[in-house]
Every structure is written in structure tokens, then in C-alpha cells.
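Enquirer:
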Amino acid sequence: AARMAAPTREERTACWGARDEFWQCLDSHGDDAAKCEKLRRAFESRCPQQWVKHFDKRRDFLKYKKKLETEGYVPPEAAGKS
């Protein structure tokens, strides 16, 4: 299989900028992806597909982590260890 060349610094910067703009849009619209469709397309066009998948998972993880922190969830393995 052919290996894709690593993105240049400029390409990485453009990708991260597009990701940040898309995420800010989602944050300000309560994760309504329809309101951020143009930014999503820019994000997808500026980033390698694997990166898009990674960043989507990362955002989900960060939202989950924040929810746990704000709701004070105690992981099962931590329960009972006092």
C-alpha cells in the first residue's frame, strides 16, 4: 500500500485551525452540527481523514470527561478505596 506523505507544518496548522473553528462553532451552538456544516467541510478538506476520525473521537472523549468532572462521577474501581 502506498504511504501518504506527512502533512507539512502549513498543512498541520491549517488543519488545526479548521478543527478549532469547527469545535468553537459546535460549542456556541450546543453541538448542532447542521449550523456548522461549512466549517465541518473546511475541517474535512484541510485534514487527513485519519486525523478527522481522531479529532472526532477526541472531542467526544473530552466532552465525556468534562461531563464526569462536572457531575462528580466516581469510577467503579475508585469506589470502596477510601
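The numbering of the sequence shown is my numbering, which starts it at -14 and goes up by one. Built from N, CA and C at the ideal position, the CB exists for glycine as well. Remember, predicted model here, so these are calculated numbers, not experimental data.
1) Determine the extent of the alpha helix (DSSP H) in which K42 is found, giving its start and end residues.
2) Go ahead and pull the three-state DSSP assignment for A(-9).
3) Where does G15 fall in DSSP's three states?
4) For the alpha helix (DSSP H) holding A62, just list the boundary residues, first then last.
5) So, is A19 buried or exposed, given that buried needs 16 or more other C-beta atoms within 10 angstroms?
6) Do C0 and R31 have their C-beta atoms within less than 8 Å of each other?
7) Using only alpha-carbon positions, find the residue among L47, C21, D16, F28 that is nearest to R(-3).
Expert: According to the data block:
1) 34 to 56
2) Look at A(-9) here: in three-state DSSP terms it is coil, with no helix or strand label.
3) coil
4) Contrary to the premise, residue 62 reads as Glu rather than Ala in this sequence. Counting along the chain, E62 falls outside any alpha helix (DSSP H), and DSSP gives it neither H nor E.
5) When all chains shown are included, A19 counts as exposed.
6) yes
7) Closest in alpha carbon position to R(-3), among L47, C21, D16, F28, is F28.
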